[in-house]
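These notes concern the structure reproduced below.
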Amino acid sequence: MKILEAELIASAPRFDMLPPSGLPEIAFLGRSNVGKSSLLNALARRKKLARTSSTPGKTRELVLFRIRTDRGELGFVDLPGYGWAKVSRKEREGWGRLAEGYLANRAELKLAIVLQDLRRTWSEDESLLLEWLAERHVSGRIVLTKTDKLKLMKRKERIRALRSQIGEGFGKPIATSSQKGDGLDLVWRACFEHAFPSDAAVTDAVTEDTEGESALPDETS
Ligand code: GDP
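The structure is reproduced here in structure tokens:
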């Protein structure tokens with residue numbers, strides 16, 4: 001699969017200010033620092049498409065990217081990162097209005113990708129988020145990030161533990177490393193499956209691997 005173009009087309013401080021894209025949209029959400037911008041950049045194969053946490057002046061807004069591939073065009077939406085413990089109640093409510101407003105109302109939304117750092121515990125916040133999405137019939141998929149940060153045995157152990165804790169209500173959580181590129185083909189496959197559900201040829205062409213084990217190299221490697 002080739003990325004032909006990737007560009008920022010709009011950003012908005014309120015969900016109802018985001019212009020319609022006319023594209024099937026994939027939303028990305030997770031705690032601050034989970035690796036969301038890095039994943040967006042790795043998927044789009046661009047170094048600086050999404051602004052990473054280290055970028056000064058990163059604000060809380062919805063950011064919409066247009067990603068044109070040789071197999072179709074999609075919108076990627078970067079939802080602001082959250083981190084309940086660290087923000088004030090007012091900010092938390094602001095996040096809710098922005099992200100929940102988008103997730104509950106956006107006609108173009110096809111899939112919400114919820115990111116989870118492989119090294120962190122799956123908390124009540126994330127469980128509530130999945131329940132909230134399910135109640136609103138929003139399709140979701142969990143992506144585990146930064147697999148390269150753990151040594152192989154520990155990595156396998158954490159992937160197994162998180163998969164069993166999270167369950168497969170939203171499909172098998174996909175293990176990824178934006179730095180090494182592991183699992184990105186599976187994330188793309190999930191995006192295509194939801195963006196173009198009737199086009200089996202497109203999704204089959206992305207990858208044949210349906211097991212989600214690509215981030216789990218053999219013991220020998
Ligand atoms: P965001 O706040 O969710 O957008 O997170 P960023 O993409 O800015 O990443 C937060 C930090 O984690 C940065 O220092 C990244 O370099 C690092 N990071 C993100 N993804 C990976 C990964 O796959 N592997 C490693 N080793 N570090 C990562």
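According to my numbering, the sequence shown is numbered sequentially starting from 1. Every residue gets a Cβ at the ideal spot worked out from N, C-alpha and C, and that includes glycine.
Heavy atom of the ligand GDP within 6 Å of residue i beta-carbon
i	result
Gly-35	yes
Asp-148	yes
Simplified DSSP state of residue i, which is helix, strand or coil
i	result
Gly-101	helix
Gly-96	helix
Ser-11	strand
Lys-90	helix
Asp-148	helix
Phe-192	helix
Ala-134	helix
Asp-185	helix
Ala-107	coil
Asp-125	helix
Selected residue, minimal CA-CA separation from residue i, among the options
i	options	result
Ala-190	Pro-173, Ser-178, Arg-120 and Arg-14	Pro-173
Ile-159	Phe-170, Gly-169 and Lys-146	Lys-146
Tyr-82	Glu-73, Leu-109, Phe-76 and Phe-28	Phe-28
Gly-183	Glu-126, Arg-136, Leu-43 and Phe-76	Leu-43
Trp-95	Ile-142, Asp-70 and Ser-32	Ser-32
Ser-139	Ala-104, Ser-37 and Pro-13	Ala-104
Arg-155	Asp-16, Arg-119, Leu-39 and Gly-75	Arg-119
Buried versus exposed call for residue i [16 or more other C-beta atoms within 10 Å across all chains shown]
i	result
Lys-176	According to the sequence shown, residue 176 is Thr rather than Lys. Buried, because 16 or more other Cβ atoms sit within 10 Å of the Cβ of Thr-176.
Asp-209	With a pLDDT of 43 at Asp-209, under the threshold of 50, the predicted position of this residue should be treated as unreliable, and no value is reported.
Leu-4	exposed
Asp-78	buried
Lys-90	exposed
Ala-215	Bear in mind that the predicted position of Ala-215 carries a pLDDT of just 45, short of 50, making it too unreliable to give a figure here.
Glu-7	exposed
Glu-25	buried
Pro-13	exposed
Gly-30	buried
His-194	buried
Range of the contiguous beta strand (DSSP E) that encloses residue i
i	result
Phe-28	25-29
Leu-62	62-69
Leu-49	No beta strand (DSSP E) holds Leu-49; DSSP gives it neither H nor E.
Unbroken alpha helix (DSSP H) run spanning residue i, endpoints
i	result
Gln-165	152-166
Arg-120	Element bounds for Arg-120: n/a, residue is neither H nor E.
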